[in-house]
Amino acid sequence: MPELPEVETIVQQLRAQGLEGQTICSIDVHWAPIIAPLSDKQFKHQLCNVSITQVGRNGKWMIFSLDSNQTLLVHLRMAGSFSFSPSLYDRIVLHLSDKRSLYYRDTRKFGRWKLVDHPEEILDKLGPDALTSHFSQSYFGTALSSRKRKIKALILDQSCVAGLGNIYADEALWEAKIHPCHPANTLTDSQIKALFHAIKKVLKLGVKNRGTSLGDGKTNYRDLDGISGNNRGAVKAYGRAGQHCNRCQTPLEKITVAQRGTTFCSHCQKIDVAASTDSQKIS
DNA sequence: GAAGACCTGCTA
DNA sequence: TAGCAGGTCTTC
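In terms of my numbering, the first sequence opens at residue 226 and continues consecutively.
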């Protein structure tokens with residue numbers, strides 16, 4: 226599942242592959258709902274003969290700046306990926322001026338492409354990107370202080386902090402030794418500090434390792450070259466239910482939080498009694 | 001705040 | 001063959 230580190234890896238690769246400066250000569254759309262609300266015809270009309278000036282990222286959104294004064298925003302959602310080689314699950318193909326073709330692959334068809342005049346209308350709804358200085362400890366503390374939601378639900382909320390998905394949320398909470406159901410507004414200052422640094426740490430490690438791949442190549446993350454990320458070996462919690470905690474050897478447990486599978490260590494990530502009581506009152 | 005919808009490949 | 005996985009939007 227592409228989260229911040231996976232999206233960052235793909236953005237870096239697209240830049241390195243010289244996508245900036247390329248002109249889109251023609252387009253194939255094999256699954257039109259991805260580009261909604263534009264029609265196939267509108268999309269091609271607005272994007273053909275347009276050059277890509279810059280490739281960037283904010284949270285999990287990829288940002289393709291264009292010389293037409295429009296912006297193409299791409300969200301990979303669950304299973305989107307890019308490649309310069311074709312595959313069975315290509316949904317959109319951009320044919321470029323240097324004769325290469327950029328294939329957008331998406332087995333589950335969940336990804337979304339937004340060709341817009343004002344990208345800020347979408348991007349301003351996001352909280353600060355987790356790896357920028359805008360995501361500061363003081364911001365994080367303030368953001369948590371007024372929210373009673375379970376901490377995992379809150380850090381998955383892109384309007385609070387942009388970039389975390391299920392994998393890195395579990396990893397950050399394990400790293401900070403915080404129970405995923407802990408009410409956000411009852412975390413202590415030291416817990417907030419620990420979680421803030423844990424979020425930065427696990428995401429930076431994810432970027433360094435070029436993303437996390439867990440399953441097969443059809444449904445799981447692959448980079449631009451079809452290569453798995455190397456972060457799987459660094460994963461301490463996500464997907465390890467039943468295996469021993471790397472810190473205390475207690476078998477990791479799996480529960481559902483915010484409708485997501487959630488793996489944690491019931492020994493390291495305890496919820497304190499006062500907070501637990503508050504949680505019951507809230508729910 | 002929670003559940004359903006969108007999707008399809010994989011697993012039990 | 002039913003159920004699961006998951007990011008975000010919509011609906012209740």
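Yeah, the Cβ is synthetic: ideal placement off N, Cα and C, and Gly gets one too.
Values in this document were obtained by computation on a predicted structure and should not be read as measured data.
State the start and end residues of the unbroken alpha helix (DSSP H) segment that holds residue i.
i, result
"G366", "Q362 to S370"
"G431", "D414 to K433"
"Y289", "Checking the sequence, you will find Phe at residue 289 rather than Tyr. F289 -> not in any alpha helix (DSSP H); beta strand (DSSP E) instead, spanning W286 to L291."
"L327", "Element bounds for L327: not the alpha helix (DSSP H) but the beta strand (DSSP E), S326 to D331."
"E346", "E345 to L348"
"R240", "L229 to A241"
Around the Cβ of residue i, are there at least 16 other Cβ atoms within 10 angstroms (buried) or fewer (exposed)?
i, result
"C473", "exposed"
"S456", "Before going on, a small fix: residue 456 reads as Asn here, not Ser. With 16 or more Cβ atoms within 10 Å of its Cβ, N456 is classed as buried."
"R240", "exposed"
"K266", "exposed"
"H407", "buried"
"E228", "buried"
"H404", "buried"
"S415", "exposed"
"N283", "buried"
"S370", "exposed"
"R333", "exposed"
"S310", "exposed"
"S384", "exposed"
"E231", "buried"
"P344", "buried"
"S361", "exposed"
"G281", "exposed"
"S306", "buried"
"T502", "Interpretation of T502 is limited by its pLDDT of 44, a score under 50 that renders its predicted location unreliable; the figure taken from the coordinates is listed afterwards. Its Cβ having fewer than 16 others within 10 Å, T502 is exposed."
"K285", "buried"
In the DSSP assignment, find the unbroken beta strand (DSSP E) run with residue i in it and report its ends.
i, result
"L297", "T296 to H300"
"D315", "D315 to L321"
"L398", "Careful: L398 lies outside any beta strand (DSSP E), inside the alpha helix (DSSP H) at N391 to A401."
Could you pull the DSSP bridge partners for residue i from this structure?
i, result
"T248", "S276"
"S264", "Paired residues: none, contrary to the question."
"K375", "P408"
"I480", "T487"
"R447", "According to DSSP, R447 bridges with nothing at all."
"L340", "L297"
"S306", "R330"
"R282", "M287"
"A387", "D354"
"D253", "V318"
"H469", "P476"
Sorted by chain position, which residues of the same chain lie with C-beta nearer than 6 Å to residue i's C-beta, five sequence neighbours on each side aside?
i, result
"T234", "R435, G436 and D448"
"R485", "N391"
"S453", "S438"
"A409", "L369, R372, R374, I376 and L379"
"S326", "V318 and H320"
"L430", "A459"
"A257", "D265"
"V432", "P230 and E233"
"L301", "P227 and G336"
Tell me which same chain residues have a C-beta within less than 7 Å of the C-beta of residue i, skipping the five on either side of it?
i, result
"H359", "P353"
"G467", "P476 and L477"
"K426", "E400"
"D315", "H255, Y328, Y329 and R330"
"K350", "S384"
"K506", "The pLDDT assigned to K506 is 36, lower than 50, so where the model puts this residue is not dependable; a value taken from the coordinates is nonetheless given after this. The answer is none, since no qualifying residue turns up."
"K495", "H404"
"S322", "Q247, T248 and C250"
Short of 8 Å in beta carbon distance, which residues of its chain neighbour residue i, apart from the five on each side in sequence? Order them along the chain.
i, result
"T278", "E245, G246, S290, L291 and D292"
"C273", "I249, C250, S251 and I252"
"N294", "D342"
"C493", "W399, K402, C470, R472, C473 and T475"
Measuring from the CB of residue i, is there a heavy atom of the ligand HEM at a distance below 8 Å?
i, result
"K402", "What this structure holds is no ligand at all, so the ligand HEM is not there to describe."
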